[in-house]
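All residue numbers for the sequence shown refer to my numbering, where the first residue is 4 and numbers rise by one. Positions of the beta carbon are idealized from the N, C-alpha and C atoms, including for glycine.
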Amino acid sequence: MATAGSAIGLGSLWRFPYVAGENGGGAFVLLYLIFTFLIGLPVFIGELVLGRYSQKSALLSYYELSNNSSNWRILGWLNVFSCLLILSYYSVVSGWCLSYVIMSLNKFSVGRSADEIKEVFTVLYSSPGINLFWFGIFLLINMGIVFSGVRKGIEHWAKILMPGLFLSLMGLFCYAVSLPGFKDALIFTFKPDFHRLGASGILNALGMAFFTLSVGLGIIVTYGSYMKKDENIPYNGTLIAFMTVFVSLISALTIFPIVFTFGFPPEGGPGLVFQTLPVLFAKLPASILISTIFFALLFFAALTSTISLLETIVANMLDLFNMNRKTATMIAAALTFVIGIPSALSGSESLFPTWKLIYGKNFFDTVNYLTASWFMPIGGLFITIFLGWRLDKAISMREFNLGTKRRYLAIPWFFMLRWVAPVAVFIIILQETGLINLTTLFY
Ligand code: PHE
């Protein structure tokens, strides 16, 4: 449940709908599904296998299992660095969830028009102090939980609150089905139109598959190291991949009907979820209650993901340095806060005001794009190379087979890991650099 909690979070609920919207819908969604099962899932299972076998976090796993090669240690550092970056901006978004809980209690959407509700997010996004405040509070909560270790607290709460989130999402989805824009939403989400795929659409879809599965950063290696030997890795991995994809799709199919019913642009950017769902809440009876509960659950879903990020950074630090858990957690959280400040201030442009002018995206969007679309796939590429080529094949196969009766699955899994995943990631990166042009295939 903790691993599912890491995978299912704002990636599916917040990031997937708006990035799908920006990348033209159907074609992007189709690629996302293909990449999740063809590339993401084999790597996900590979990370679990590696972690459970080594009983270590990513950095030491790569290092020790490669006969202490310092090259492989670099991969570990890249992983830890990416976790820090993701945690920094993801916590800003999680802070918005906290803010929306309080705003809901204050009936912020009652009696307001769709456009006015939309405007509320714009005001929040451009408030420097408020962003920093909630970002800081969220990190403190995170730190408090990681102090005591993953196993103790989170698993218990994840078992209760994740199904809660799921049920309320399904409830909202049922309501969204009745909106006049639902048909357009279905077409937008499922009808692949490759002409509408954005310029970096293929790479973004790959990044989205990695991001929503939390794969390519060694996080799942850490969680694998906490798994018991008799637990079934392929089954758990596949189940989590299906759950993640399902939540992503339901989330999109709840948000796009609102978009099309009220004439919002689907490419509304990072505010999309926060601007659309409250419009729906405002129309429901007991809207304050529903809105508060939903944002509280969204906050919790964010928490189970950020815990995995912070936990991974801390676990790597504990493996490497002689320090106690509390000190490591505090150092990691403090570092995250400092790195996150420019993201928290992106909407107000009170820091780096010319960033967007120079890089085409504000700081928040830059970190968001770089980590998901580049660092995670590249991290994943090296993990496949490590598992598929560097580590003894017999070790991976044996670890894969412990706890499962379906031993025949080990062969196709290893083939995907060794050939399909790295070659596909490599081709997609070539495509992004402009050396080849795959889109001509679709036209
Ligand atoms: N998978 C998480 C989500 O979808 C995000 C995440 C990415 C968590 C990377 C950990 C690492 O919300």
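Round the Cβ separation of residue i and residue j to the nearest angstrom and send it over; I've been treating them as touching at under 8 Å.
i, j, result
"L504", "L164", "In the structure as shown, the chain starts at 4 and stops at 446, and residue 504 therefore has no counterpart that could be examined."
"V96", "A424", "That pair is no contact at about 28 Å."
"A255", "A23", "6 Å"
"T225", "T315", "5 Å"
"M4", "E158", "6 Å"
"P356", "V428", "In fact, because the Cβ distance is near 36 Å, the residues do not count as touching under 8 Å."
"G204", "A375", "Between A375 and G204 the Cβ distance is about 13 Å, and since that is not below 8 Å, they are no contact."
"S294", "I222", "With 8 Å as the limit, S294 and I222 do not qualify as a contact, their Cβ atoms being about 31 Å apart."
"A304", "L13", "7 Å"
"E402", "Y66", "18 Å between Cβ atoms; not a contact."
"G350", "S129", "5 Å"
"G54", "L220", "12 Å between Cβ atoms; not a contact."
"T39", "V248", "6 Å"
Quick check on residue i: does DSSP put it in helix, strand or coil?
i, result
"G184", "coil"
"I258", "helix"
"M379", "helix"
"S60", "coil"
"S151", "coil"
"G437", "coil"
"N71", "coil"
"D233", "coil"
"R401", "helix"
"I11", "coil"
"K408", "coil"
"G114", "coil"
"T442", "helix"
"H159", "helix"
"K121", "helix"
"P281", "helix"
"P356", "coil"
"K396", "helix"
Does the Cβ of residue i have 16 or more other Cβ atoms within 10 Å, making it buried, or fewer, making it exposed?
i, result
"Y93", "buried"
"N325", "exposed"
"L441", "exposed"
"S116", "exposed"
"E122", "exposed"
"T125", "exposed"
"I1", "This structure does not reach residue 1, given that the chain is present from 4 up to 446, and the question cannot be answered."
"A397", "exposed"
"T341", "Rather than Thr, the amino acid found at residue 341 in this sequence is Val. Its Cβ having fewer than 16 others within 10 Å, V341 is exposed."
"C177", "exposed"
"N327", "exposed"
"R421", "buried"
"P20", "buried"
"I236", "buried"
Given this structure, state the Cα-to-Cα distance separating residue i from residue j, to the nearest angstrom.
i, j, result
"Y238", "A413", "12 Å"
"N74", "M173", "46 Å"
"M366", "L373", "Inspection of the sequence shows that residue 366 is occupied by Phe rather than by Met. Near 10 Å, if we compare the C-alpha coordinates of L373 and F366."
"I353", "G132", "Checking the sequence shown, residue 353 turns out to be Ser, not Ile. Going from the Cα of S353 to the Cα of G132 covers about 10 Å."
"S3", "N319", "There is simply no residue 3 to check, as the chain begins at 4 and stops at 446 in what is shown."
"I344", "F150", "23 Å"
"D196", "G28", "8 Å"
"E50", "F378", "16 Å"
"L394", "L433", "26 Å"
"L182", "F298", "22 Å"
"G437", "T443", "12 Å"
"F302", "L101", "6 Å"
"V113", "S15", "27 Å"
"G167", "L34", "29 Å"
"V282", "I11", "24 Å"
"V52", "L209", "22 Å"
"M419", "I386", "13 Å"
"G98", "N70", "42 Å"
"I439", "L170", "44 Å"
"L135", "A347", "6 Å"
"L41", "K110", "44 Å"
"G240", "Q58", "18 Å"
"W17", "V317", "26 Å"
"L216", "S9", "8 Å"
"A7", "M246", "8 Å"
"W80", "L313", "14 Å"
"G184", "Y411", "45 Å"
"A289", "P260", "21 Å"
"T279", "S72", "50 Å"
"L90", "F141", "11 Å"
"M333", "K194", "47 Å"
"G271", "G201", "14 Å"
"A161", "E435", "38 Å"
"R409", "K231", "18 Å"
"I253", "W358", "34 Å"
Report whether the distance from the Cβ of residue i to the nearest heavy atom of the ligand PLP is below 8 Å.
i, result
"I42", "This structure lacks the ligand PLP; its bound ligands are the ligand PHE."
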